[in-house]
Amino acid sequence: MALLEGHEYNFHTLRRAILAGDAVLLECQLVATGEPVAVICAANRQPDGGAELVPIATLFSGDPYALVNPPNPAGGFFRHDD
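Basically the working numbering = 1-based index in the sequence shown + 876.
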């Protein structure tokens with residue numbers, strides 16, 4: 877699966893928000909499980925001085941190296957059991 881266009885757009889939105897000081901880290905709750913999760917949000921500044929928080933990404937809970945297989949330049953993904 878190639879990265880989706882929306883993922884790249886969200887990444888650049890997050891980058892701009894961080895560089896502008898408009899990124900926040902919130903503790904939220906997953907709808908499906910009720911589990912707490914750390915969410916990175918961009919603050920969309922409003923004309924009235926308020927901000928709409930736009931969720932962009934979640935952080936891993938646990939060891940990310942054990943949770944994902946990185947891409948293999950030859951194709952596919954490296955697996956932990958390789």
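For each residue, glycine too, the CB sits at the ideal point set by N, CA and C.
Taking 8 Å as the cut-off, the Cβ atoms of L890 and A933 count as close. Counting C-beta atoms within 10 angstroms of its own C-beta, A878 has fewer than 16 neighbours from the protein chains shown and is therefore classed as exposed.
Around the Cβ of A942, a 10 Å sphere holds fewer than 16 other Cβ atoms; the residue is exposed. Inclusion of L880 and L902 in the CB contact set at 8 Å is not warranted, their separation being larger than that value. The secondary-structure analysis by DSSP pairs E928 across a beta bridge with N920. Bridge partners of F954 according to DSSP: none are assigned.
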